[in-house]
Amino acid sequence: MSEPAPPPPARPSPPEEEEEEEEEEEGDRVGSRRCHRCLITFPDPAFAARHAKRQHPGDFARAALRGALFVCHVCSRPFGSSPALLRHQRGHAHLRATPKQAPPPSEKATPTWSCLECGRGFAHEGALHRHYIGHARGEL
């Protein structure tokens, strides 16, 4: 009786297959060319990002914010998520900006919010919050 022939040696995979495997691993990162949900490959990472932003906004936001730091505008302490920063900022409630003295009736009736760091005034609290983000990033 003859013994069965040994199996042929394994051939290395062609480079195209290796590239596809790498792209699959990169599929959930912002900047990759393949959508991890639809498995559509795009010619450019910008097209893939636009697709993800429009078709899968929740996933896009999570991927874009992965590794981002959220910095407290009062004490500059960094946090890994927006909810963690918000919980922390509740402890700074005593430092919360307060409206300036009410303007005379002839002027605007909306309260003005002032920055505790530079004194700049804002008509809306949200504008003040965006301004604080500028301070935290060092843009101001």
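The UniProt record's numbering numbers the first residue of the sequence shown as 1 and each following residue consecutively.
No residue lacks a Cβ here, since even glycine has one placed at the ideal position from N, Cα and C.
Leaving out five residues before and five after residue i in sequence, what residues of the same chain have Cβ atoms less than 8 Å from its Cβ?
| i | result |
| --- | --- |
| Cys75 | His92 |
| Leu85 | Phe70, Val71, Cys72 and Phe79 |
| His135 | His73, Cys115, Glu117 and Cys118 |
| Arg120 | Ser114 and His131 |
| Arg137 | Val71 |
Taking only three categories from DSSP, how would you classify residue i?
| i | result |
| --- | --- |
| Gly126 | helix |
| Phe70 | strand |
| His62 | The amino acid occupying residue 62 in the given sequence is Arg; His does not appear at that position. Correct three-state label for Arg62: helix. |
| Arg54 | helix |
| Phe79 | strand |
| Gly134 | helix |
| Arg34 | strand |
| Arg120 | coil |
I'd like the span of the alpha helix (DSSP H) that includes residue i, first residue to last.
| i | result |
| --- | --- |
| Ala93 | Segment: none, Ala93 is in no alpha helix (DSSP H) and carries neither H nor E. |
Rounded to whole angstroms, how far is the Cβ of residue i from the Cβ of residue j, which I believe are closer than 8 Å?
| i | j | result |
| --- | --- | --- |
| Thr41 | Arg33 | 6 Å |
| Ala123 | Thr112 | 6 Å |
Apart from the five residues just before and just after residue i, which ones in its own chain have a Cβ nearer than 7 Å to its Cβ?
| i | result |
| --- | --- |
| Lys53 | Phe60 |
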